[in-house]
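S.K.: Counting with mature numbering (1 follows the signal peptide of the UniProt record, and there is no 0), you get residues -24 to -1, 1 to 222 for the letters of the sequence shown.
I'd like to ask you about the structure that follows.
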Amino acid sequence: MIAFPSKLIVLEVCILGSLSLLLAQEAMLFRVSEVNVAMVALEVPEVITSLTSCAIRCHMLAGSCFSFKYNLVTSLCSLGSWIVPSNGTSSLQPSEGLFTTGAFCNTSLNFTLETNGTASVCIWISTKSYNYTTSVNSCLARRMHLYTPKTLDKFSIMTSIVIRLQKNFWIGLDDIEVENVFRWVDDGSLLDNNYRKQIFAPNQPDNHNGSEDCVAYNLKYFPLNDGTCSSALPYICEKGTTESTF
């Protein structure tokens, strides 16, 4: 059971037969059976032949679709991103089910849902400053990861936060293992060279004095700059699509 303010959300596991082969690590969907939450819709609902077909459609949009609603009477399939607590009454019809892979963003626990373009992220912003390694581990302890702005839409979200708060922030990108080979902390994937040219400040990264391996949003060297990993900066944790933080 997952507790929201004055309400319990009971999750019952729903195995969708052969769909488990398609969902791989996310073979088990969760049905939210007592609803006091709102789903952030991605698009206008469409008529889909079955619950399984609706789930497959969501799965095919992996990275943006983390939840869906399906109405057994009207066959309407509604795709959504994050599910957030709602103080209002349920918008579900009696014949409608809400399903998720665990993508809850509990705003009552200081998590923030940020959306820009096709990006929808659930984040937690630190109020303290730590070195890079401690920041990475702090996010992991929350079952999250250091923010990884892999797309321009996610990059714009981070940029607006930095400008609004007027602070430098660590992001989940470094070349600690191999100099000048930057990897994202969430999955170890390489930073695309063309994207690299778009997001770093002019003449950055420069590995100044041979000691800069960790990347931060920097108001002086805007937007991104490589810095000394031992420097103390605030950080932002991001909740992955299969991570559950409460």
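Backbone N, C-alpha and C define an ideal beta-carbon position, used for all residues, glycine too.
1) Per DSSP, which one or two residues make a beta bridge with G73?
2) Give me the residue from C41, A117 and G203 with the minimum Cα distance to C213.
3) Quick check: T124 and G93, are their CB atoms within less than 9 angstroms of each other?
4) Taking 6 angstroms as the limit between beta carbons, can you name the residues of its chain near S102, skipping five residues before and five after?
5) At what residues does the alpha helix (DSSP H) containing T204 begin and finish?
6) Does DSSP classify D150 as helix, strand or coil?
7) Would you identify the three-state DSSP class for L141, choosing helix, strand or coil?
8) Just list the alpha helix (DSSP H) runs in the region 147 to 200, keeping only unbroken ones of 4 residues or longer that don't cross its boundaries, in chain order.
9) Using the three-state DSSP reduction, which class does M15 fall into: helix, strand or coil?
10) Excluding sequence positions up to five away, which residues of its chain have a Cβ less than 7 angstroms from the Cβ of T127?
11) Using DSSP bridges, identify the partner residues of A117.
12) Whole angstroms is fine: what's the gap from T50's alpha carbon to F158's?
13) So, for Y46: in the same chain, excluding its five sequence neighbours on each side, which residues have a beta-carbon less than 6 angstroms away from its beta-carbon?
M.R.: Per the coordinate set shown:
1) Counting from one through the sequence shown, the residue named residue 73 turns up at place 97. Looking at the DSSP assignment, G73 forms a beta bridge with Y46.
2) Residue mapping note: residue 213 aligns to position 237 of the sequence shown, counting from 1. The residue with the shortest Cα to Cα distance from C213 is A117.
3) The residue labelled residue 124 in the question sits at position 148 within the sequence shown. The residue labelled residue 93 in the question sits at position 117 within the sequence shown. No, they are not a contact pair.
4) The residue labelled residue 102 in the question sits at position 126 within the sequence shown. Around S102: P210 and Y211.
5) Walking along the sequence shown from the start, residue 204 turns up at place 228. From DSSP, T204 is part of no alpha helix (DSSP H); its letter is neither H nor E.
6) Here residue 150 refers to the residue found at position 174 when the sequence shown is read from its first residue. If DSSP states are grouped into helix, strand and coil, D150 belongs with the strands.
7) Counting from one through the sequence shown, the residue named residue 141 turns up at place 165. L141 falls in the helix class under three-state DSSP.
8) The region 147 to 200 contains, as complete alpha helix (DSSP H) runs of 4+ residues, the segments 169 to 175 (chain order).
9) As a first step, residue 15 must be located in the sequence shown, where it is residue number 39. Under the three-state reduction of DSSP output, M15 falls in the strand class.
10) The residue given as residue 127 occupies position 151 in the sequence shown. Excluding positions up to five away in sequence, the list reads A95.
11) As a working mapping, residue 117 is identified with position 141 in the sequence shown. Paired residue(s): none; A117 is not in a bridge.
12) Within the sequence shown, residue 50 is the residue found at index 74, counting from 1. Within the sequence shown, residue 158 is the residue found at index 182, counting from 1. T50 and F158: Cα-Cα distance of roughly 49 angstroms.
13) Here residue 46 refers to the residue found at position 70 when the sequence shown is read from its first residue. Taken in chain order, the residues that qualify are L27, C30, C53 and G73.
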